[in-house]
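Beneath this line is the structure, given in structure tokens, with notes to follow.
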Amino acid sequence: MNTRSDAKLTRIFKTAFWQKTPFKAYPGPPSQENIDAWMHITDTPALNLTASEISQLGLSTDSVQWPREAGGGYIGYLESAHQLHCLQAIWERHHYDKDPSLFPELGAKIRELPDIDEAHFEHCVDVIRSRLMCTADASIVTFQWVKGLSTPYPNFHTGHMCADYEGLLKWGEGRKADMDKVGDWDYHVGSGPNDVEMDTLP
């Protein structure tokens with residue numbers, strides 16, 4: 053089933069302390085380029101999946117569906133985008149603590165919903181921890197002597213076999229729900245085909 057990108061890419065991580073990437077705001081503060089880079093990998097659309105796809109993925113057919121008038125289909129969201137959203141949230145919180153004017157929407161959330169903000173922060177830390185432990189990286193970081201440094205410096209330029217995340221984003225764009233059809237859908241039990249209400253959280 054062509055639901056996700058199976059392509060693998062060989063990458064050398066470029067993660068030395070002072071090495072620039074579009075996602076790093078060092079020495080800071082975050083630039084618009086940094087913010088746009090994070091949005092590109094996290095601002096992904098809601099998906100519309102068929103019953104066959106849901107079954108083949110081992111997911112419950114009791115999952116919520118789009119309303120009948122919008123054509124039905126199951127609501128989905130890329131888990132990798134959720135994980136990266138969590139990392140982005142931690143990154144934003146770090147820079148917000150140094151300069152609140154950078155992320156005013158985050159500031160409003162912290163002030164208005166402090167308990168939810170705290171729960172979200174801890175949720176995100178645990179999501180990233182779970183994923184890193186699940187896919188524990190067995191690559192080895194070695195060390196080099198560098199002129200001017202009194203101790204060996206870690207060589208973080210390690211090689212990896214990686215999923216094609218850009219390919220996954222393209223697949224998601226091709227499977228996104230038609231939000232024009234959904235319109236101002238009133239989310240409630242019974243608004244989608246065959247809705248089932250659970251007694252406890254999944």
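The sequence shown lines up with residues 53 to 254 when you count with the numbering used here.
Ideal Cβ positions, reconstructed from N, Cα and C, are used throughout, including at glycine.
6 Å CB neighbourhood of residue i in its chain, flanking five on each side removed
{"i": "T194", "result": "N207"}
{"i": "L130", "result": "T96, G224"}
{"i": "V198", "result": "Y205"}
{"i": "R227", "result": "L99"}
{"i": "P152", "result": "G159"}
Counted within 10 angstroms of its Cβ, other Cβ atoms place residue i as buried (16 or more) or exposed
{"i": "I93", "result": "buried"}
{"i": "I87", "result": "buried"}
{"i": "L61", "result": "exposed"}
{"i": "I68", "result": "It should be noted that the sequence gives Ala, not Ile, for residue 68. Result: exposed."}
{"i": "Q71", "result": "exposed"}
{"i": "W118", "result": "buried"}
{"i": "A188", "result": "exposed"}
{"i": "A160", "result": "exposed"}
{"i": "L101", "result": "buried"}
{"i": "A77", "result": "buried"}
{"i": "L99", "result": "buried"}
{"i": "A229", "result": "buried"}
Enclosing beta strand (DSSP E) for residue i [first to last residue]
{"i": "Y205", "result": "205-207"}
{"i": "I64", "result": "60-64"}
{"i": "Q108", "result": "No beta strand (DSSP E) holds Q108; the alpha helix (DSSP H) holding it covers 103-108."}
{"i": "F155", "result": "No beta strand (DSSP E) contains F155, which DSSP labels as neither H nor E."}
{"i": "F195", "result": "194-196"}
Given residue i as reference, the closest of the options once Cα atoms are compared
{"i": "L111", "options": "S191, G128, P119, D149", "result": "G128"}
{"i": "W90", "options": "T73, E249, C176", "result": "T73"}
{"i": "A190", "options": "A160, V179, M213, P82", "result": "M213"}
{"i": "G125", "options": "T210, S107, I142", "result": "S107"}
{"i": "L221", "options": "S132, L109, P156, G123", "result": "S132"}
{"i": "H134", "options": "L158, F155, L109, H172", "result": "H172"}
{"i": "D251", "options": "L109, L165, M185, D114", "result": "D114"}
{"i": "I192", "options": "R63, E105, H209, Y217", "result": "H209"}
Endpoints, the alpha helix (DSSP H) within which residue i is located
{"i": "A133", "result": "131-150"}
{"i": "F173", "result": "166-186"}
{"i": "Y217", "result": "217-226"}
{"i": "I87", "result": "84-94"}
{"i": "I127", "result": "Taken as a continuous stretch (DSSP letters only), I127 belongs to no alpha helix (DSSP H), being part of the beta strand (DSSP E) at 126-128."}
{"i": "V234", "result": "231-234"}
Contacts around residue i, its chain only, beta-carbon distance under 7 Å, and the 5 residues preceding and following it disregarded
{"i": "C176", "result": "C138, A141, I142"}
{"i": "K233", "result": "A122, G123"}
{"i": "M53", "result": "Because M53 carries a pLDDT of 45, less than 50, the predicted location of this residue cannot be relied on, and no value is offered for it."}
Any C-beta of chain D under 8 Å from that of residue i
{"i": "F173", "result": "In the structure shown, chain D cannot be found, because there is only a single protein chain."}
* Asked: Counting pairs of Cβ atoms below 8 Å between the segment 75-82 and the segment 145-152, do you hit three or more?
  -> Short answer: they touch.
* Meets three-Cβ-pair contact criterion under 8 Å: the segment 169-181 and the segment 134-144 -> The segment 169-181 vs the segment 134-144: in contact.
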